[in-house]
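Since the structure comes first, as structure tokens, the remarks are kept for the end.
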Amino acid sequence: MGLSRNRRQAHTVDYWPGFVDALSTLLLAIMFLLTVFVIGQFILSREISGKDEVLNRLNSQINELTQLLALEKGNKQDLEDQLANLQASLTTSESERSRLQSLLDSGSGSAAAAQGTISDLNEALDSEKQVSARALSQIDILNQQIAALRRQIAAIEQALDASEAKDQESQTKIADLGRRLNVALAQRVQELNRYRSDFFGRLREILSDRKNIRVVGDRFVFQSEVLFASGSADLNPQGKEELAKLASAVVDIAKEIPNEINWVLRVDGHTDNVPLSGSGKYSDNWELSSGRATSVVKFLISQGVPANRLVAAGFGEYQPIAEGDSPEARSQNRRIEFKLTER
1 MGLSRNRRQA
11 HTVDYWPGFV
21 DALSTLLLAI
31 MFLLTVFVIG
41 QFILSREISG
51 KDEVLNRLNS
61 QINELTQLLA
71 LEKGNKQDLE
81 DQLANLQASL
91 TTSESERSRL
101 QSLLDSGSGS
111 AAAAQGTISD
121 LNEALDSEKQ
131 VSARALSQID
141 ILNQQIAALR
151 RQIAAIEQAL
161 DASEAKDQES
171 QTKIADLGRR
181 LNVALAQRVQ
191 ELNRYRSDFF
201 GRLREILSDR
211 KNIRVVGDRF
221 VFQSEVLFAS
231 GSADLNPQGK
241 EELAKLASAV
251 VDIAKEIPNE
261 INWVLRVDGH
271 TDNVPLSGSG
281 KYSDNWELSS
291 GRATSVVKFL
301 ISQGVPANRL
311 VAAGFGEYQP
321 IAEGDSPEAR
331 SQNRRIEFKL
341 TER
């Protein structure tokens, strides 16, 4: 009859750990997606800020060139106006010279005076022609400068177009990278969850006969009384025996987890809220919880668990799982938790 009852207990299905595993997987996936989104936003903001600086510099250069072009156009217009005035003056002078030459030919007036006036007019005309030639030369130079400015503006516009195209390409690459990263990390999370379930399943088979060793959420919990005497961080023989079984399961599962999955077994030490006496080795519960976690880690290392796959953490009395000051609540809070997680 005892054997039959044990078999019925062994076949009893506990759905709660599976539900907790699924919930933890969902939470990890959500946290991962948020992390990827923040990373993508950070990278994109750096890319966009760099592009904005380049665009601002190019826009500033375009503004300066546009102002210079407007100034050159104004100078060109002034020279053209000056040239028009000179040409009008030249036309007037030529008309006056023709009139005087006509008077000279007709014999009216003083021939000498008329000849002198004509000579003065010729000198003025020559001077105005030289000024007109210089004005035409300056206009030609301005035209060349304006053409060069237009070529520079065209080159800057091409650079702006290329920069915008590159920015669009970068955004596309970032989106594709985020998508592939999401897929890869989701696969890693699924793989780690599968190995975590396998690990907890093996521990349940090995340690299922102990009432003070149980699964709570995504953690395997040892009550401190199984491993340590009150106020001590030295493992007792019974605790070493139980931890040796756990170490064997960790070593076996470590051989199956791929190297690219960066997993660790985190060992968390917790105490109740009763202050320690000053005469012991540890001055407070912080030190006691850390010392107990460290003792467990060192023992697991001695049993073959890789040291780089272990983490020890002490939480003192500040992460209770049972509220109140009753003996039962304090007993539950004195515990060592094991969690298979990512580094």
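Residue numbering for the sequence shown follows the working numbering, beginning at 1 and increasing consecutively.
The beta carbon of each residue, even a glycine, is placed where N, CA and C say it ideally should be.
Counting only runs of at least 4 residues, the segment 251-291 fully encloses no alpha helix (DSSP H) element at all. DSSP places VAL215 inside the beta strand (DSSP E), whose first and last residues are 213-216. By a beta-carbon distance limit of 8 Å, ALA293 contacts VAL267. Their separation comes to about 5 Å.
Annotated as distal: GLN168 and ARG335, with beta-carbon spacing of 9 Å or more. For ASP140, the closest alpha carbon among the candidates LYS73, GLY269, GLU96, LEU26 is that of LYS73. Shown here, GLN303 sits in coil according to DSSP, grouped into three states, outside any helix or strand.
Between the segment 33-45 and the segment 140-156 there are fewer than three C-beta pairs closer than 8 Å, too few to call the two in contact. LEU310 places its beta carbon 9 Å or farther from that of LEU243. Residue pairing from DSSP leaves GLU241 without any beta-bridge partner.
When the alpha-carbon of GLN82 is set against those of VAL54, ARG46, VAL131, the nearest one is in VAL131. Under the three-state reduction of DSSP, GLN223 is assigned to strand. In the displayed model, ARG343 falls within coil according to three-state DSSP, outside both helix and strand. For LEU288, same chain residues with a beta-carbon under 6 Å away, outside a window of 5 residues either side, are THR271, TYR282 in chain order. The DSSP-derived three-state label of GLU337 is strand. Here ASP218 is buried: its Cβ has 16 or more other Cβ atoms, across all protein chains shown, within 10 Å. DSSP places ALA229 in no beta strand (DSSP E); its state is neither H nor E.
For the 9 Å CB-CB criterion, ALA322 and ASN333 form a contact. Taking C-beta separations shorter than 7 Å and ignoring five residues to either side along the sequence, the partners of GLN61 in its chain run ILE156, following chain order. Beyond the five residues adjoining it in sequence on each side, ARG330 comes within less than 6 Å, by CB distance, of ASP272 in the same chain, given in chain order.
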